[in-house]
Each structure stands twice: as structure tokens, then as C-alpha cells.
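Undergrad: Following this note's numbering, the numbering of the sequence shown begins with 1 at its first residue and continues without gaps.
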Amino acid sequence: LGATLMGCNTVLAHPPEMELDPQIIAACKANAEKNGSNFEITDDFEAAAEGAHVLYPKAWAATSIFKPPVGEDSEEKALETFNKYKNWKATREYMELADKNAIYMHCLPADRAWEVSNEVLDNTNPASGWRSAAFDEAENRLHVQKAVMAMTM
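1) Please report the distance separating the alpha-carbon of Ala101 from that of Ala127.
2) Taking only the alpha-carbon atoms, compute the straight-line gap between Ile24 and Ala150 and give it to the nearest angstrom.
3) DSSP on Ala98, reduced to helix/strand/coil?
4) Can the beta-carbon of Ala13 be found closer than 8 angstroms to that of Phe45?
5) Going by C-alpha to C-alpha distance, which of Leu1, His53, Val54 sits closest to Ala30?
6) Please name the residue or residues paired with Ala26 in a DSSP beta bridge.
7) With Ala52 and Asp122 assumed to form a contact (beta carbons below 8 angstroms), what rounded beta-carbon distance in angstroms separates them?
8) Evaluate Trp88 with the Cβ neighbour count: other Cβ atoms within 10 Å of its Cβ, from every protein chain shown; 16 or more gives buried, anything less gives exposed.
9) Is it buried or exposed, Cys107, if we count other Cβ atoms within 10 angstroms and call 16 or more buried?
10) With Ala49 and Leu97 assumed to form a contact (beta carbons below 8 angstroms), what rounded beta-carbon distance in angstroms separates them?
11) Under 8 angstroms, do Asp43 and Pro16 count as touching if we go by C-beta distance?
12) By Cβ distance, which residues of its chain are closer than 8 angstroms to Ile103, with the 5 residues on each side in sequence left out?
13) Tell me the DSSP secondary structure of Glu40 in three-state form.
14) Count the other C-beta atoms from every protein chain shown that fall within 10 angstroms of the C-beta of Pro57, then say buried if there are 16 or more, exposed otherwise.
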């Protein structure tokens, strides 16, 4: 939502079983139209990364899956869906699909090995081309939180 608000060209990739709230999608489309940027949706994880300057993968969970389970079937279906998308993880190979100077971002905490490899999350060396800015992002969040507290106290 924030990327489209700022006029960034945005590609949202998600598993087909894990739709976002339609109001969020509508807001993203409206923001992109207002700012003259593009907002695309795909269920192709790798295609979404191709040529990207910033990659912000997150673990996906659909609200339809997290309804209170009714019997073992519901729980099994949820596990089956999660297992189906185990490869939706930020790895070196995934980062190499992006722009050569791409930045990996994550608001942290990240679920290592589930949504991002250690190699990607810990790579802060710009000499390697792509790099992670997740820890910088978390540090910046801390300063913003302190400023908000100072303004409201």
C-alpha cells in the first residue's frame, strides 16, 4: 500500500489461494492511478522479482486459512497450502532474478529459513551487487518510534 502511495511501480505476487483484502487491492490500484505508477498482481513469485529494484517478500497467510479450524480437514488443508509454497522464499537465486543492485527489505522479525535464507538476510555488502537493508530498516523504525513517543509525551 505504501509503495503505491509513493508512486513506486509495484508488483504484488501471492499464491492464488491467499488473496489480499479487496479493499487493500482497490486502494493500491487507486494510489497507482493517482500517482501515474503501475500496480500489477501475479501468482508467479519469480516473474515478480525479475528486474526489481526492491524486493520485499513476506510470509503469506490467508485470512480464509486462519478461520477457527472446524475439524482436522481444515487444519490439513492449511498445512497442505503452506507446504505447497515452501519455495516462496528469498534466496540467492531469487535475488539474482532482480536488478543487479537490488535491495532486500523486511520489517523484521523475519522467519529465517521459512521466508528468507540467512545468506540473503545477512548480506549487507553492496560490493556483491544485491544486498539486504532489513537491519537498516529496523533501525530506522526505532528512531521513528522514539520520535513519535517524544511528540506525544
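Beta carbons: idealized from backbone N, C-alpha and C, even for Gly.
TA: Reading it off the structure:
1) For the purposes of this step, residue 101 is identified with residue 101 of the sequence shown, where counting begins at 1. For the purposes of this step, residue 127 is identified with residue 127 of the sequence shown, where counting begins at 1. The amino acid at residue 101 is misidentified as Ala; the sequence shows Asn. Straight-line measurement puts the Cα of Ala127 at about 9 angstroms from the Cα of Asn101.
2) As a working mapping, residue 24 is identified with position 24 in the sequence shown. As a working mapping, residue 150 is identified with position 150 in the sequence shown. As the crow flies, the alpha-carbon of Ile24 is around 31 angstroms from that of Ala150.
3) Position 98 of the sequence shown holds residue 98. In the three-state scheme derived from DSSP, where H, G and I count as helix and E and B as strand, Ala98 is classed as coil.
4) For the purposes of this step, residue 13 is taken as residue 13 along the sequence shown, with counting starting at 1. For the purposes of this step, residue 45 is taken as residue 45 along the sequence shown, with counting starting at 1. Yes, Cβ-Cβ distance for Ala13 and Phe45 is below 8 angstroms.
5) Within the sequence shown, residue 30 is the residue found at index 30, counting from 1. Closest option to Ala30, Cα to Cα, is Leu1.
6) By 1-based counting over the sequence shown, the position of residue 26 is 26. Paired residue(s): none; Ala26 is not in a bridge.
7) Numbered from 1 along the sequence shown, position 52 holds the residue referred to as residue 52. Numbered from 1 along the sequence shown, position 122 holds the residue referred to as residue 122. Going by Cβ atoms, the distance from Ala52 to Asp122 rounds to 20 angstroms, so no, they are not a contact pair.
8) The count along the sequence shown starts at 1 and reaches residue 88 at position 88. Sixteen is the threshold: when 16 or more other Cβ atoms of the shown chains lie within 10 Å of the Cβ of Trp88, as they do, the residue is buried.
9) What you label residue 107 is simply residue 107 of the sequence shown in a count that begins at 1. Exposed is the call here.
10) The residue labelled residue 49 in the question sits at position 49 within the sequence shown. The residue labelled residue 97 in the question sits at position 97 within the sequence shown. Indeed, because the Cβ distance is near 4 angstroms, the residues count as touching under 8 angstroms.
11) By one-based count along the sequence shown, residue 43 stands at place 43. By one-based count along the sequence shown, residue 16 stands at place 16. For Asp43 and Pro16, yes; Cβs fall inside 8 angstroms.
12) If you number the sequence shown from 1, residue 103 lands on position 103. Contacts found: His53, Val54, Leu55, Trp130, Arg131, Ser132, Ala133.
13) Reading the sequence shown from its first residue, position 40 is the one you call residue 40. If DSSP states are grouped into helix, strand and coil, Glu40 belongs with the strands.
14) Reading the sequence shown from its first residue, position 57 is the one you call residue 57. Flag for Pro57 reads buried.
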